[in-house]
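S.K.:
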Amino acid sequence: MAKHLRYPPDKRPSFQKLGVPCPFFFPWKELVHQWAAAVDASHSSDGEGMGKERPFFVLRSRKVTRRLAALLTEENKERKRPYGHAPTLEAIRGIRLASAETGVDLSRALACVWVSCRSKGIPNRFDSICIPKADDLSKSPSDASTGPCESLHKVPRKRKGAKKKGAKRKKVVRPTVEELLARPAVRDVVNCCSRQLIGCVVDGDYCFSEAAGRGVGYVSVLGLLEFVEESARRGTKPLVLLRHQHSVQYRFASLRVLTDC
Numbered sequence: 430m431a432k433h434l435r436y437p438p439d440k441r442p443s444f445q446k447l448g449v450p451c452p453f454f455f456p457w458k459e460l461v462h463q464w465a466a467a468v469d470a471s472h473s474s475d476g477e478g479m480g481k482e483r484p485f486f487v488l489r490s491r492k493v494t495r496r497l498a499a500l501l502t503e504e505n506k507e508r509k510r511p512y513g514h515a516p517t518l519e520a521i522r523g524i525r526l527a528s529a530e531t532g533v534d535l536s537r538a539l540a541c542v543w544v545s546c547r548s549k550g551i552p553n554r555f556d557s558i559c560i561p562k563a564d565d566l567s568k569s570p571s572d573a574s575t576g577p578c579e580s581l582h583k584v585p586r587k588r589k590g591a592k593k594k595g596a597k598r599k600k601v602v603r604p605t606v607e608e609l610l611a612r613p614a615v616r617d618v619v620n621c622c623s624r625q626l627i628g629c630v631v632d633g634d635y636c637f638s639e640a641a642g643r644g645v646g647y648v649s650v651l652g653l654l655e656f657v658e659e660s661a662r663r664g665t666k667p668l669v670l671l672r673h674q675h676s677v678q679y680r681f682a683s684l685r686v687l688t689d690c
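Count along the sequence shown starting at 1, add 429, and that's the number in the numbering used here.
Structure representation (structure tokens):
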């Protein structure tokens, strides 16, 4: 944030146009709550989600994390699917049963993941981990030039009052340092851009041993399960999209759940 404030106003990126609601903070609480509400609304008959926000936590149960890691490893393999997506649905049911046996509430859980870029791109802090659309998966992940782009969002302009002759000009009140550093109120995190958000990168860099960008992040467990199930129904690999908060370019990446984090 300090580097961002050092730039003159005309050189700072417009996060509203880029569709980044929380550029300097991680909205973990809002992320898990909104995914829980979305999943609850999709499975309930009245269409209403959860209304009360509850504290989040990082998933530490070895029994559940190992099942999650095995699920993603199996889905990332190059193979034919003679039984369709039935094995994937069965594995997801096993994860939910294992979480119920161990007393883990998946609606409030975050999973630690290892992010591996499939082409160009280096994961950075505050990068968005998003679910690709069906049209995005028709493009080759190894070709960096075919990565999708986020369209710029329209920002409503503030209407200025009609200038009257002889009217005194109001003094502009500048925000204080405390107001600038305060955590912004975030409404919609999951659907803040054209691709649904499931998590964020907390650290990343270029890996010389693998000659590619690698990073560590956290994703909503419910969002991850919904994403894997949707990918299995499509018959595609569970590849995600990474986007830097200063860019509109998405990059394809694969996920791996870390059991020891």
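Glycine is no exception: its CB is placed at the ideal position from the N, C-alpha and C atoms.
Can you give the beta carbon distance from Ser-660 to Glu-504, rounded, assuming they're within the 8 Å contact cut?
M.R.: Your numbering for residue 660 matches position 231 in the sequence shown. Your numbering for residue 504 matches position 75 in the sequence shown. About 7 Å; that satisfies the 8 Å criterion.
S.K.: When we look at the beta-carbon of Ala-563 and count the other beta-carbons within 10 Å, is it buried (16 or more) or exposed?
M.R.: Translated into the one-based positions of the sequence shown, residue 563 becomes position 134. Ala-563 comes out exposed.
S.K.: Is it true that the CB of Pro-552 sits closer than 8 Å to the CB of Val-544?
M.R.: Here residue 544 corresponds to residue number 115 of the sequence shown, with the count starting at 1. Here residue 552 corresponds to residue number 123 of the sequence shown, with the count starting at 1. Yes. Within cutoff.
S.K.: Taking buried to mean at least 16 other C-beta atoms within 10 Å of its own C-beta, is Ala-591 buried or exposed?
M.R.: Your numbering for residue 591 matches position 162 in the sequence shown. At Ala-591, the pLDDT of 49 sits below 50, so the modelled position is not reliable; the number obtained from the coordinates is stated separately. Exposed is the call here.
S.K.: For the beta strand (DSSP E) holding Arg-551, just list the boundary residues, first then last.
M.R.: Position 122 of the sequence shown holds residue 551. Looking at the sequence itself, residue 551 is Ile, so the reference to Arg does not match. First-last for Ile-551: undefined, no H or E at that position.
S.K.: Since Cys-546 and Leu-671 are thought to touch, with beta carbons under 8 Å apart, how far apart are those beta carbons, to the nearest angstrom?
M.R.: Stepping through the sequence shown from its first residue, residue 546 is reached at position 117. Stepping through the sequence shown from its first residue, residue 671 is reached at position 242. Indeed they touch by this definition, with Cβ atoms about 7 Å apart.
S.K.: Less than 7 Å separating the Cβ of Gly-633 from some heavy atom of the ligand NAP?
M.R.: In terms of ligand content, the structure shown is empty, and the ligand NAP therefore cannot be addressed.
S.K.: Should Ala-682 go down as buried or exposed, given a rule of 16 or more other Cβ atoms within 10 Å for buried?
M.R.: Position 253 of the sequence shown, counted from the first residue, corresponds to residue 682. Looking at its Cβ environment, which holds 16 or more other Cβ atoms inside 10 Å, Ala-682 is buried.
S.K.: State buried or exposed for Leu-497, treating a residue as buried only when at least 16 other CB atoms are found within 10 Å of its CB.
M.R.: The sequence position of residue 497 within the sequence shown is 68, counting from 1. Leu-497 is buried by the Cβ-count criterion.
S.K.: Please return the same chain residues whose Cβ sits closer than 6 Å to the Cβ of Gly-633, not counting the five positions on each side in sequence.
M.R.: The residue you call residue 633 lines up with position 204 of the sequence shown. Counting only Cβ-Cβ distances below 6 Å, and skipping sequence neighbours, we find Pro-552, Asn-553, Gly-644.
S.K.: Does the pairing of the stretch 611-629 with the stretch 439-458 give three or more beta-carbon distances under 8 Å?
M.R.: Yes, the stretch 611-629 touches the stretch 439-458.
S.K.: For Leu-670, report the span of its beta strand (DSSP E) as first-last.
M.R.: Within the sequence shown, residue 670 is the residue found at index 241, counting from 1. Element bounds for Leu-670: 669-672.
S.K.: Do you know offhand how far Thr-605's Cα is from Leu-539's?
M.R.: Mapped onto the sequence shown, residue 605 falls at position 176. Mapped onto the sequence shown, residue 539 falls at position 110. Their Cα atoms are separated by approximately 34 Å.
S.K.: Below 8 Å, how does it come out for the stretch 458-469 and the stretch 639-654: are there three or more Cβ pairs, yes or no?
M.R.: Yes, the stretch 458-469 is in contact with the stretch 639-654.
S.K.: Could you check what DSSP says for Phe-444 in three-state terms: helix, strand or coil?
M.R.: Start at 1 with the first residue of the sequence shown, and residue 444 comes out as number 15. Reduced to three states, the DSSP call for Phe-444 is helix.
S.K.: What's the gap between the Cα of Gly-478 and the Cα of Trp-457?
M.R.: Looking up residue 478 in the sequence shown gives position 49. Looking up residue 457 in the sequence shown gives position 28. Any answer about Gly-478 is weak, because its pLDDT of 49 lies below 50 and its placement is not dependable; what the coordinates show is given next. If you take the alpha carbons of Gly-478 and Trp-457, they lie about 18 Å apart.
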